[in-house]
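Working notes, beginning with the structure itself.
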Amino acid sequence: MSDETSRIVLVAVPERLEGRLASTLRDAGLAVTSVDSAADCLRLVARESADGVVSGYALPDLDGVRLLRSIRVSHPGLPFVLILESASSTVASEAVDAGVSGYVPADADEETILARLRAALDRDAPWFTDEHQRRYRHLIEMAPVPINLFDDAGEAIWCNDATLDLLGLDGRDELVGRSIFEFVHPDDHALARRELAAVIERKESVGPTQMRLRRPDGEVRYVQVSTAVGRFLGKDIGQAVVVDVTPLREAQNALRAERQFVEEALDTLQDVFYVVDADGDLLRWNEAATEVTGYDDGELASMNVTALFAEADVPRVRASLETAVDEGSDTVEATLVTKHGHTCPYEFRGRRLDGGDDGPRVVGIGRDVSGRKERKRQLKALEQWLRHNIRNDVNVIRGTAENVREGRIEDVDEGVRRIERYADHLLEQADRERRIVEILTTPADPAPLDLAALVERRVAALRERYPDADIELVRADPVVVTAIPDVTAAVDELVENAVEHAESETPTVCLSVVDDGARGLVCVADDGPGIPDIERNILRLDREIDQLHHGSGLGLLFVYWVTRLSGGDVTVDESDDGSTVTLAFPTTQRV
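Written out as structure tokens, the structure is:
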């Protein structure tokens, strides 16, 4: 190598020698740069700004031998002269093993150092021509994954650029000479020390091992480390190949979170969610499926969906699955049979789901339609009931009008009043019929309701409406129930009915709110003539309506459906002192 253009880096040369040495080297035609640390030297070497290095042994960040070993990995032929601070044969031996070009004692003069440096510049180092070493160096430099070399104490000797990127470092000088444990997460230190011992002491390869690294900026990276023993410049070293699995872990966590979200969303559904294959074998379901059928997850996993239906409906269920697979979707209504033998009508809406190599599947929703079917039946009965009662009222109006017109009624005013009464009754019936149809066709969702507070408000309002009646709230237990908003109108209906049908001029109506544990009760007791059987039979709309069986009003029916749609029930008790109607609602919490 021509020494006329050579650039020499002086690294922490002893102060007494530095000035004279720099001057001597410049006089010899060499360009000289002085630095104070191994880190500064490594930066210059990495930038290919050094053709030779003269270094002291005691550096602020590394010793001279460690600096040499790091340089030898990436620049095995770079001339390196080490100035020893003492006549230590151990340090000299380590320097020779690390590939030093030459070394001089601390009291050597500048001419001796120049001679050692010239000799190194003019010859090729034997290790530089070693094909194995060059291939090894090229391998770790070009590897796309982080590779770190460290000594038997765990101190980093060298790393490639991928390692710097992983650790968030700007240069090798920030890693070389530092313990690898400075970058291992504290919780994984014990694991890393076991791996180091296996590699260095027992000469065993270990990994891939999952652990965490903590960068200087505090960011934690999840990695898999494979470590093997290697030989470099005649000494055993550790070679760690690191795979950053942080993105994979983040993707897995995101997928787990997404899966959990989907499962929680499906389990929130009150309807049954299901996925079956083309043969009907159950593949997936939500919590509603286990709650409705009574089978646990293990039992459902081994079942065919047809086993959940009444035998008579199985052919239709199979046909629906085939239609969904062939045409893309289908809806079927069938009777679901639970594990305990209970039956319930369900509507299933299925759509084809392309399952790739596993073949087509059917995904769908099953909905309990018993309430819908019952409301439909009740609406049909209500329609029949209304036609009968409206026809009766209209017949009375027409008959009275005809009698008035023909002069068959002496008291015409009384005839007119009778027509008005029946007309008013028709309007009242129409209004109540509308309210019943509304709650049957578009029922509101039950919600928590302070029952005692509601009844207290209604008693105050009804006293103003009926000043001649004695309306009292005799008990008001604090209780919160689940009910639809129409409970207010239902309570009014019961009190109004008791007042309007009372036989005395000052009717008495006593209300009480009772906390019955699982239920909250509203009891409305009056001293009237009682509720006729024919009126109480209104609660059974499925009875055949004929000339001998029909009620005259819809008030009690409205109360019944408000309570029923709230998840409660209605009872009517009769005694010699009057009647008591009790509305029972499920409780939610104590006030």
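Our numbering puts the first residue of the sequence shown at 170, with every later residue one more than the last. Here a beta-carbon is modelled for each residue, glycine too, at the ideal position from N, C-alpha and C.
Cβ separation of residue i and residue j, assumed to be a contact under 8 Å, to the nearest whole Å
i           : j           : result
residue 443 : residue 337 : With 8 Å as the limit, residue 443 and residue 337 do not qualify as a contact, their Cβ atoms being about 49 Å apart.
residue 225 : residue 177 : In fact, because the Cβ distance is near 14 Å, the residues do not count as touching under 8 Å.
residue 327 : residue 341 : 7 Å
residue 688 : residue 753 : 5 Å
residue 445 : residue 494 : Contact flag wrong, Cβ pair sits at about 10 Å.
residue 678 : residue 664 : 5 Å
residue 289 : residue 248 : 3 Å
residue 450 : residue 473 : 5 Å
residue 469 : residue 454 : 6 Å
Min CB distance residue i to chain D below 8 Å
i           : result
residue 448 : As a matter of chain content, chain D is missing from the structure shown, which is built from one protein chain.
Residue i vs residue j beta-carbon contact at 8 Å
i           : j           : result
residue 648 : residue 756 : yes
residue 286 : residue 260 : no
residue 186 : residue 279 : yes
residue 601 : residue 724 : yes
residue 761 : residue 654 : Here the chain comprises residues numbered 170 to 760, so residue 761 is not present and cannot be evaluated.
residue 383 : residue 389 : yes
residue 378 : residue 394 : yes
residue 627 : residue 727 : no
residue 524 : residue 499 : no
residue 365 : residue 323 : yes
residue 335 : residue 209 : no
residue 182 : residue 252 : yes
residue 264 : residue 223 : no
residue 652 : residue 735 : yes
residue 175 : residue 200 : yes
residue 231 : residue 203 : no
residue 514 : residue 539 : yes
residue 646 : residue 676 : no
residue 609 : residue 730 : yes
residue 475 : residue 487 : yes
residue 325 : residue 313 : no
residue 606 : residue 548 : yes
residue 671 : residue 749 : no
For residue j and residue i, the rounded distance between their alpha carbons
i           : j           : result
residue 635 : residue 751 : 22 Å
residue 555 : residue 528 : 54 Å
residue 349 : residue 197 : 41 Å
residue 717 : residue 596 : The predicted model places residue 717 with a pLDDT of 34, which falls under 50 and marks its position as unreliable; any figure quoted below should be read in that light. Cα to Cα, the separation comes out at about 24 Å.
residue 284 : residue 344 : 33 Å
residue 710 : residue 551 : Its pLDDT being 44, under 50, residue 710 is placed unreliably by the model, and the measurement read from it follows with that caveat. Distance between the alpha carbons of residue 710 and residue 551: 7 Å.
residue 268 : residue 428 : 57 Å
residue 466 : residue 391 : 35 Å
residue 243 : residue 228 : 20 Å
residue 386 : residue 618 : 55 Å
residue 747 : residue 593 : 27 Å
residue 733 : residue 740 : 12 Å
residue 557 : residue 660 : 27 Å
residue 737 : residue 650 : 10 Å
residue 692 : residue 680 : 6 Å
residue 316 : residue 291 : 33 Å
residue 485 : residue 423 : 41 Å
residue 501 : residue 620 : 41 Å
residue 715 : residue 561 : For residue 715, the predicted structure reports a pLDDT of 43, less than 50, and the residue's modelled location is therefore unreliable. A value from the coordinates is still provided. Their backbone Cα atoms lie some 12 Å apart in a straight line.
residue 398 : residue 318 : 10 Å
residue 516 : residue 458 : 14 Å
residue 590 : residue 492 : 58 Å
residue 577 : residue 568 : 11 Å
residue 582 : residue 685 : 53 Å
residue 417 : residue 368 : 27 Å
residue 674 : residue 639 : 10 Å
residue 238 : residue 245 : 9 Å
residue 586 : residue 537 : 50 Å
residue 720 : residue 611 : Any reading at residue 720 must be qualified, since the residue scores a pLDDT of 43, below 50, and its modelled position is unreliable; the value itself is stated next. Approximately 25 Å, taken between the alpha carbons.
residue 207 : residue 213 : 10 Å
Residue i CB to nearest heavy atom of the ligand SAH below 7 Å
i           : result
residue 453 : You won't find the ligand SAH in this model; it holds no ligand whatsoever.
DSSP bridge partner residues for residue i (one or two, in chain order)
i           : result
residue 617 : 651
residue 742 : 749
residue 473 : 450
residue 177 : 201, 221
residue 679 : 641, 694
residue 271 : 250
residue 437 : None; residue 437 has no bridge partner.
residue 535 : 441, 517
residue 505 : 478, 513
residue 391 : 381
Inset, instruction - Flag this pair as touching only if the stretch 430 to 449 and the stretch 401 to 421 have three or more C-beta atom pairs under 8 Å; answer yes or no. - result: no
Legend entry - Given 8 Å, three or more beta-carbon pairs between the stretch 475 to 484 and the stretch 569 to 578: no
Inset, instruction - Kindly confirm or deny that the stretch 507 to 519 and the stretch 456 to 471 touch, where touching means at least three C-beta pairs closer than 8 Å. - result: yes
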